[in-house]
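The sequence shown stops at residue 236 when you use this note's numbering, and every number in between is there.
For every residue, glycine included, the Cβ atom is placed at its ideal position computed from N, Cα and C.
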Amino acid sequence: MAHCPFDFFTDGKKHNICLVGGGGKTTVMYELAAAWAACGRRVLVLTSTHILCPADGSFAGDVPAVQNLWQQGRYAVIGTPEFATGKLTLPPQSVYEALKLQADVILCEADGSRHHPCKVPAEYEPVILPDSDIVLAVAGMDALGNSLQQACQRPQLAAELLCCSAEKIIDAQMLASLLLSEQGTRKSVVVRAYYIVLNKCDLLKAAQQEEMLRLLVGAGMDEHRIWLRERGE
């Protein structure tokens, strides 16, 4: 992956990061996990909802297995297997409590989008870990030019939030509004640091990227907390 531009990536501090929003969260999460592990940091990966159980041997069923992966310079994925679906859910609290004290970085996928590039959370979403200090929002730029119905999970909620029809074509202003709304992607952030990954920016022309930045920064978002991420980084 290309170097993550966010300050927390290289500050050497312990962080507990929850990823929310649209499609691309899992990819970003694992890329960050691999990059931190390569730097010698003990990285713990989990979900507070559901993720596919990884097939690369990074799943660890107990505390010793996690420690073994760390000793190998790898990140460790923990969770409770759902054998019917092949997915992982939230790990047992006792396992998480034991490991969070030892981990240097914790990454948690705290939201689902069913591969839609953007979303508006339901009442029970997202499931942010109480001890997290950073929320990392992800939105796919392939949402632009498609309708809310096509590109947004829970399009009716998005339509209500934006006061428009679910058939409305998503433009930069609409996407920026979803990312910054406390009823949208910024829901439940409260006092946590908030960062945004604009995913698949290689699909945009330079002028469109600049417009997204202008809208987000103009609404009060720190430019240094926005990552214009291209596919393949």
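Using only alpha-carbon positions, find the residue among the options that is nearest to residue i.
| i | options | result |
| --- | --- | --- |
| L102 | P8, M224 and P67 | P67 |
| P84 | A169, A58 and V123 | A58 |
| A37 | Y197, F12, K203 and L201 | F12 |
| I137 | P8, A40 and V192 | V192 |
| D205 | R217, W230, G25 and L91 | W230 |
| A146 | P120, G76, Q186 and Y198 | P120 |
| L47 | Q70, G148 and A210 | Q70 |
| Q96 | R189, V194 and L49 | L49 |
| P129 | Q75, E100, T30 and H53 | H53 |
Alpha carbon to alpha carbon, how far is residue j from residue i? Give it in angstroms, no decimals.
| i | j | result |
| --- | --- | --- |
| D134 | S150 | 36 Å |
| L219 | D225 | 8 Å |
| Y127 | C166 | 22 Å |
| G25 | V141 | 6 Å |
| D14 | E214 | 29 Å |
| K16 | G43 | 13 Å |
| V200 | M32 | 11 Å |
| D174 | P158 | 14 Å |
| R242 | D65 | Residue 242 lies beyond the stretch modelled for the chain, which goes from 4 to 236, so this question has no answer here. |
| I20 | K208 | 30 Å |
| L55 | Q212 | 31 Å |
| R234 | H6 | 13 Å |
| E100 | H18 | 15 Å |
| Q186 | G89 | 31 Å |
| G148 | L181 | 15 Å |
With DSSP as the reference, label residue i as helix, strand or coil.
| i | result |
| --- | --- |
| A40 | helix |
| V200 | strand |
| V108 | strand |
| L218 | helix |
| E85 | strand |
| V48 | strand |
| F9 | coil |
| K190 | coil |
| Q75 | coil |
| A125 | coil |
| K103 | helix |
| L147 | coil |
Is the CB-CB distance between residue i and residue j below 7 Å?
| i | j | result |
| --- | --- | --- |
| L93 | S51 | yes |
| K203 | G115 | no |
| L160 | V123 | yes |
| A63 | A79 | yes |
| L91 | G82 | yes |
| K28 | L22 | yes |
| W39 | V98 | no |
| I131 | A154 | no |
| Y198 | L139 | yes |
| P45 | A125 | Rather than Pro, the amino acid found at residue 45 in this sequence is Arg. No, the Cβ-Cβ distance between R45 and A125 is not below 7 Å. |
Tell me which same chain residues have a C-beta within less than 7 Å of the C-beta of residue i, skipping the five on either side of it?
| i | result |
| --- | --- |
| K117 | Residue identity check: residue 117 is Arg in the sequence provided, not Lys. Answer for R117: Q156, listed in chain order. |
| S168 | A162 |
| R77 | A40 and S61 |
| P8 | W230 |
| R232 | V200, L201, N202 and C204 |
Please work out which residues of its chain come closer than 8 Å, Cβ to Cβ, to residue i, disregarding the five sequence neighbours upstream and downstream, and give them in chain order.
| i | result |
| --- | --- |
| K171 | S150, L151, A162, L165 and M177 |
| D10 | H227 |
| A222 | A179 and L183 |
| A196 | F11, D136, I137, V138 and R228 |
Mind checking whether the beta-carbon of residue i lies closer than 6 Å to any heavy atom of the ligand COA?
| i | result |
| --- | --- |
| A140 | Of ligands this structure carries none, so the ligand COA is not represented either. |
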